[in-house]
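Written as structure tokens, this is what we have:
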């Protein structure tokens with residue numbers, strides 16, 4: 085697939101002192117936009133792009149980037165599992181999450197997995213570039229507020245949330261977004277009976293007796309966006 089591997093033209097024009105960055109996002113247009121503003125900086129080189137978690141793992145191990153810029157909502161393994169895998173197989177690579185989802189559950193999982201930073205995509209490009217530089221210097225740029233949120237989440241609700249599978253979390257997010265069983269089935273390309281099974285599992289794990297109560301729990305604890 086075009087663009088989703090190591091780059092071949094930039095490497096010869098930039099010095100070895102450049103910060104080597106791997107982009108992982110399942111939206112090609114988003115990757116292109118991020119790449120464009122990163123490579124305006126003379127000290128940053130994007131060495132590869134990945135469109136899912138498995139490819140992010142493979143390229144991190146093959147290319148050994150200093151920074152993996154990781155989106156949370158991609159096909160493949162849970163993002164926290166990808167972070168843990170990269171830290172084990174490419175220890176020189178620092179993981180910087182770049183996401184549109186400022187959700188406590190995601191933040192807590194990523195902090196526990198060992199990320200260097202958690203940045204929102206709405207941040208101005210210049211600030212993201214500066215953060216990449218900090219992370220490449222092995223600095224951890226998590227704020228005190230982010231660490232406090234992550235700690236609170238783990239203390240109060242972490243175990244219950246972690247009991248949900250990735251697919252169950254996806255279903256809960258869609259329920260919270262007002263989707264019907266049929267709409268969820270269509271969105272996830274699964275049968276309606278499978279959706280109902282997932283919802284039943286969610287209710288049991290969250291000790292909720294209705295979809296509304298499960299959604300209220302998720303909103304209250306920052307597990308999904310309102």
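Numbering (our numbering), first residue to last: 85 to 310.
C-beta atoms are modelled at their ideal positions from N, C-alpha and C, and glycine is treated no differently.
Just so it is clear, the structure is predicted and the values come from calculations on it, not from any experiment.
- In its chain, beyond the 5 residues on either side, 237, 245, 306 and 307 have a beta carbon closer than 7 Å to the beta carbon of residue 189.
- Residue ranges of uninterrupted alpha helix (DSSP H) with 4 or more members, entirely inside the stretch 176 to 225 and ordered along the chain, are 188 to 197 and 209 to 220.
- Between residue 153 and residue 108, the beta carbon gap of about 7 Å places them in contact (Cβ cut-off 8 Å).
- In this structure, the alpha-carbon of residue 102 lies about 10 Å from that of residue 220.
- Just so you know, the alpha carbons of residue 286 and residue 298 end up roughly 8 Å apart.
- Residue 163 and residue 137 do touch by the CB rule: their CB atoms are close to 7 Å apart, below 8 Å.
- Here residue 149 is buried: its Cβ has 16 or more other Cβ atoms, across all protein chains shown, within 10 Å.
- In terms of CA proximity to residue 178, 151 leads the group 126, 231, 151 and 288.
- The beta carbons of residue 204 and residue 229 sit no closer together than 8 Å.
- Here residue 191 is not near residue 243, since their CB atoms are 8 Å or more apart.
- Counting the other CB atoms within 10 Å of its CB gives residue 227 a total below 16, which places it among the exposed residues.
- One alpha carbon belongs to residue 276, the other to residue 213, and they sit about 44 Å apart.
- Here residue 120 is exposed, its C-beta having fewer than 16 other C-beta atoms within 10 Å.
- Secondary structure of residue 108 (DSSP, three-state): strand.
- Close CB contacts of residue 280 within its chain, under the 7 Å cut and outside five residues either way in sequence, are with 265 (chain order).
- Burial is judged here by how many other beta carbons sit within 10 angstroms of a residue's own beta carbon; residue 301 has at least 16 and is buried.
- For residue 153, the enclosing beta strand (DSSP E) has its first and last residue at 151 to 154.
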